[in-house]
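First the structure, in the form of structure tokens, and then the observations on it.
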Amino acid sequence: MDGRAWRRFRKNKGALWGGMLVLSVTLVAALGPLLAPHDPDQQHRETLLSGDGSPVAPWSVPGHPLGADSLGRDELSRLLHGGAVSMQVAFFATALAVLLGVVVGALSGYFLGAFDFLSMRLVDVLLSTPFLLIAIAIQRVWDDPALWTLFVLLGLLSWTTLARVTRAKTMQVRALDYIQAARALGAGRMRILLRHVLPNVLGPVIVLGTTLVAQMIIVESAMSFLGLGVQPPQASWGSMLREGQELMDDAPRLMLFPAAFIVMTVFGFNLLGEGLRDAFDPKD
Amino acid sequence: MIAYIARRALFALFVVAAVVTGVFALMNAVGDPAAATLGPSAGPEQLADFNKKHGLDQPLAQQFLAYLGVVRCVRPSSPRWHTDPGQRGYCGLLQGDLGESFGHQEPVGNVILTRLPRTLLLGVLALGFELLLGITFGVLAARFRNTWLDTTIMGTAFLGISLPTYVTGPIFLLVLAFWYGWFPVGGYGVDPLDHVYHALLPAFTLAIFGAATYARVMRSEMIETLRSDYIRTARAKGLSTRTVTWQHAARNALLPIVTLMGLSMTILVAGAIITETIFAWPGMGSLAIQSIYNLDAPTVMGVVLVFSVTVQAGNLLADIAVAALDPRVRLGS
């Protein structure tokens, strides 16, 4: 980000709010497991479930400020651990998607030819498949889905837009005079790609990557909500939302807590992404 | 243009074929439908029986060819199969046959024919909400640019794109159905009017994201359009602001919405899967989840086929519609 972009970004109130939201949610996710007062998977059936089996309310039992979930597990600890899981999946999936998208896009845009043709057709195919359906199907047939299969899967399915944008930008930069000059000076292809092309695609990639985190949070939570993402007993915001919905009438908080975190995170990343877009590419 | 449409249709066909092949391999080679259908108590003999009955004991390539209808297939419930197990017919896609559901004990085609209209009802209602809200508020925001109205609408729209259906759906259910009782607590209803009544809340849930997106696009498109010369001319002629806004500018600003509508098929499909699950709406989306969960391969294949064709058709139709509406667009160049 150059100086002007940074100044535009700082002036953008929405972006700053988004950045703060993102920062605090990320902190919660990163430090959450350390701050969590209890084991998120341990069931305290005697102390945290009342006589009729319903979970205790917030503040009613000392040491459990947010009460318990339907199985008598400490709600606060589950929210903190769940956040770590959701953010981990979203970040790693995004990182994989960015890596794939930039590499494929830059190679396509720089070398063109058969590789470009094939990779862009692959992008077309991926972009026009029912994404969620395929992700769920793959996750279901996997025998023992671990966390890493989830983010590898999400990453592999969502690098497409990044590849398209990187490719377009690479083709644009490639035709500029100073690339010709660098080539005339004897710079190799790798050097040109890394030193001259890559810095130019960085802006759009950061913007897209930021909004992609929001999308990955949405997809991960959706899959966990449908019971085909993060597997129980492990908590994620999506699976907590699903479990909370079952007790919706008696204890709506079990649904509303994770829902609030999901919305806050997605909202934050979207705001930040929007702000970065305006900073990098001012239209007005 | 015809050549362009033909080329696009061919590509759409290719994508559908690729998806179908991929999902077929996934379901039948990686997953174990027999174990998923019969449950953990099934012994090895029952599993073998199941596989034999559904032709799952045959090589994967042959299963696939049979599914396509190129080679003869096994079909458990066909009368011929029961009377004379040795006799087999063609019963694949080429014959318009989607096979037999493992779980429902009936042809997948029939299951889909019952479910598809319900999802269409949901989708059409949702699309209606999206367009109505998106266009109206988008135009209003542009018309009253930089006022409190614009800020409110755009703020709400921004929140709208950050609200996943699995958050809004349960909250609507809780507040509007459980607490206030204005809407039914999920389900499908008994007669046509009742179906629509039951569909309102899920359709609205499904529509939030699209409506917010359309409002945002519509606003920026309108602002662009309102700057153009012909708008100034129209104003100079003395036409009222309302006429200029709605009849001259809004019409032209609609074009990107048409493209977005085509692309939004993927979102509607994904949304239907989640929304139908939340509201217990017995359509294609909940069928998709159920059948994937039970590894009911033929049903999954049917659902994937219908969804892929919908997405492809949406994209293609949007392209054609834009070309038809905007004489400046020449397809295929």
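Going down the list, the protein sequences come from chains A and B.
In terms of numbering that gives the first Met the number 0, the first sequence has 107 at position 108, counting the first letter as 1, and numbering is strictly consecutive.
In terms of numbering that gives the first Met the number 0, the second sequence has 106 at position 107, counting the first letter as 1, and numbering is strictly consecutive.
Here a beta-carbon is modelled for each residue, glycine too, at the ideal position from N, C-alpha and C.
None of these values were measured; they are calculated from a predicted model.
Val324/A: contacting residues in chain B (beta-carbon distance under 7 angstroms): In the structure as shown, chain A begins at 0 and stops at 283. Residue 324/A is therefore absent and cannot be evaluated.
Proximity test, Cβ basis, 7 angstroms: Ala258/A and chain B: Here residue 258/A is taken as the residue at index 259 of the first sequence, counted from 1. Chain B, which has a Cβ nearer than 7 angstroms to the Cβ of Ala258/A, makes this yes.
Cutoff 7 angstroms: Ala287/B Cβ touching any chain A Cβ: Within the second sequence, numbered from 1, the residue matching residue 287/B stands at position 288. With 7 angstroms as the cut-off, Ala287/B counts as an interface residue toward chain A.
Outcome for Trp280/B when other beta-carbon atoms lying within 10 angstroms are tallied against a minimum of 16: For the purposes of this step, residue 280/B is identified with residue 281 of the second sequence, where counting begins at 1. The residue in question, Trp280/B, is buried, as its Cβ has 16 or more Cβ neighbours within 10 Å.
Cβ distance (whole Å) where Leu270/A is taken to contact Trp16/A below 8 angstroms: Locating residue 270/A in the first sequence gives position 271, counting from the first residue. Locating residue 16/A in the first sequence gives position 17, counting from the first residue. Confirmed, about 6 angstroms.
Minimum Cβ-Cβ distance from Phe49/B to chain A less than 7 angstroms: Taking the first residue of the second sequence as position 1, residue 49/B is located at position 50. No, Phe49/B does not count as interfacial toward chain A.
Residue burial classification, Asp83/B (beta-carbon count within 10 angstroms, cutoff 16): Position 84 of the second sequence, counted from the start, is the residue given in the question as residue 83/B. Below a pLDDT of 50, predicted positions are generally treated as unreliable, and Asp83/B, at 48, falls in that range; the measurement from the model is reported next regardless. Exposed.
Whole-angstrom C-beta distance between Tyr165/B and Phe266/A, which should lie under 8 angstroms: Residue 266/A sits at position 267 when you count from the first residue of the first sequence. Residue 165/B sits at position 166 when you count from the first residue of the second sequence. So it is not a contact: roughly 15 angstroms between Cβ atoms.
First through last residue of the alpha helix (DSSP H) which encompasses Ile111/B: Translated into the one-based positions of the second sequence, residue 111/B becomes position 112. From DSSP, the alpha helix (DSSP H) with Ile111/B extends over Val107 to Arg142.
Buried versus exposed, by CB contacts within 10 Å (16 or more), Ile1/B: As a working note, residue 1/B is residue 2 in the second sequence. So Ile1/B ends up on the exposed side.
Those runs of the alpha helix (DSSP H) which lie wholly inside the segment 28 to 105 of chain A and span at least 4 residues: 44 to 47
Contact set between Thr276/B and chain A, taken where Cβ atoms lie within less than 7 angstroms: On the second sequence, residue 276/B is found 277 positions in, with the first residue counted as 1. Neighbours of Thr276/B on chain A, chain order: Leu225.
Straight-line Cα distance separating Ala234/A from Gly81/A: Mapped onto the first sequence, residue 81/A falls at position 82. Mapped onto the first sequence, residue 234/A falls at position 235. The alpha-carbon atoms of Gly81/A and Ala234/A are separated by roughly 5 angstroms.
Within 7 angstroms, strictly: CB atoms of Met215/A and Ala89/A: Translated into the one-based positions of the first sequence, residue 215/A becomes position 216. Translated into the one-based positions of the first sequence, residue 89/A becomes position 90. Closer than 7 angstroms, so yes.
Residues near Leu262/B by beta carbon distance below 8 angstroms, same chain, minus five either side: As a first step, residue 262/B must be located in the second sequence, where it is residue number 263. Cβ within range, chain order: Gly313, Asn314 and Ala317.
Through-space distance from Leu158/B to Glu275/B, alpha-carbon basis: Start at 1 with the first residue of the second sequence, and residue 275/B comes out as number 276. Start at 1 with the first residue of the second sequence, and residue 158/B comes out as number 159. Taking the straight line from one Cα to the other gives about 22 angstroms.
Whether Leu225/B touches Ala248/B by CB criterion (7 angstroms): Here residue 225/B refers to the residue found at position 226 of the second sequence. Here residue 248/B refers to the residue found at position 249 of the second sequence. Cβ distance < 7 angstroms, so Leu225/B and Ala248/B count as in contact.
Cβ contact (3+ pairs, closer than 8 angstroms) linking the segment 210 to 228 of chain B and the segment 132 to 152 of chain B: yes
Chain-ordered chain E contacts of Tyr292/B [CB-CB under 7 angstroms]: No chain E is present in this structure, whose protein chains are A and B.
Cutoff 7 angstroms; reference Thr160/A; Cβ partners in own chain excluding five residues on either side: As a working mapping, residue 160/A is identified with position 161 in the first sequence. Result list for Thr160/A: Leu207, in chain order.
Minimum length 3: unbroken beta strand (DSSP E) runs contained in the segment 235 to 285 of chain B: none
Min CB distance Met254/A to chain B below 7 angstroms: Position 255 of the first sequence, counted from the first residue, corresponds to residue 254/A. Yes, its Cβ sits closer than 7 angstroms to a Cβ of chain B.
Listed by chain order, chain B residues near Leu131/A by CB distance under 7 angstroms: As a first step, residue 131/A must be located in the first sequence, where it is residue number 132. Chain B residues near Leu131/A: Ala269 and Ile272.
Reduced DSSP secondary structure (H/G/I, E/B, other) of Arg79/B: As a working note, residue 79/B is residue 80 in the second sequence. Only weak support is given to the placement of Arg79/B: the predicted model assigns it a pLDDT of 44, under 50, and the value that follows is read from those uncertain coordinates. The answer is helix: DSSP assigns Arg79/B an H, G or I state.
Arg3/A versus Phe279/A - alpha carbon distance: The residue you call residue 3/A lines up with position 4 of the first sequence. The residue you call residue 279/A lines up with position 280 of the first sequence. Taking the straight line joining both Cα atoms gives about 9 angstroms.
Residues that Ser220/A contacts on chain B, provided the C-beta gap is smaller than 8 angstroms: Position 221 of the first sequence, counted from the first residue, corresponds to residue 220/A. The answer, in chain order, is Pro163 and Tyr165.
Where Asn11/A falls, given that 16 or more other Cβ within 10 Å makes a residue buried: Here residue 11/A refers to the residue found at position 12 when the first sequence is read from its first residue. It is buried - the Cβ of Asn11/A has at least 16 other Cβ atoms within 10 Å.
Against chain A: residues of the segment 298 to 322 of chain B by CB proximity under 8 angstroms: Val299, Val302, Val303, Phe306, Ser307, Val310, Gln311 and Asn314
Nearest-angstrom Cβ-Cβ length linking Val229/A and Phe268/A, presumed shorter than 8 angstroms: Counting from one through the first sequence, the residue named residue 229/A turns up at place 230. Counting from one through the first sequence, the residue named residue 268/A turns up at place 269. At roughly 19 angstroms, the Cβ-Cβ gap does not stay under 8 angstroms, so Val229/A and Phe268/A are not in contact.
C-beta neighbour in chain B for Ile178/A, strict 7 angstroms: Along the first sequence, one-based indexing puts residue 178/A at 179. Judged by the 7 angstroms Cβ criterion, Ile178/A is not in contact with chain B.
Continuous alpha helix (DSSP H) stretch holding Tyr165/B: start and end: Along the second sequence, read from residue 1 onward, the residue named residue 165/B stands at position 166. Per DSSP, Tyr165/B belongs to the alpha helix (DSSP H) from Thr164 to Phe171.
Burial state of Val333/B, where buried means 16 or more other Cβ atoms lie within 10 Å: No answer is possible for residue 333/B: it lies beyond the span of chain B, which begins at 0 and ends at 332.
Where Tyr200/B falls, given that 16 or more other Cβ within 10 Å makes a residue buried: Counting from 1 along the second sequence, the entry for residue 200/B is found at position 201. What sits at residue 200/B in the sequence shown is Leu, not Tyr. Classification for Leu200/B: buried.
Glu44/B - containing alpha helix (DSSP H), residue span: Here residue 44/B corresponds to residue number 45 of the second sequence, with the count starting at 1. Taken as a continuous stretch (DSSP letters only), the alpha helix (DSSP H) holding Glu44/B covers Pro43 to Lys52.
Cβ-based contacts, 8 angstroms cut-off: residues of the segment 129 to 162 of chain B near chain A: Phe157, Leu158, Ile160, Ser161 and Leu162
Below-7 angstroms beta-carbon distance, Ser127/A vs any chain B residue: Translated into the one-based positions of the first sequence, residue 127/A becomes position 128. Yes, its Cβ sits closer than 7 angstroms to a Cβ of chain B.
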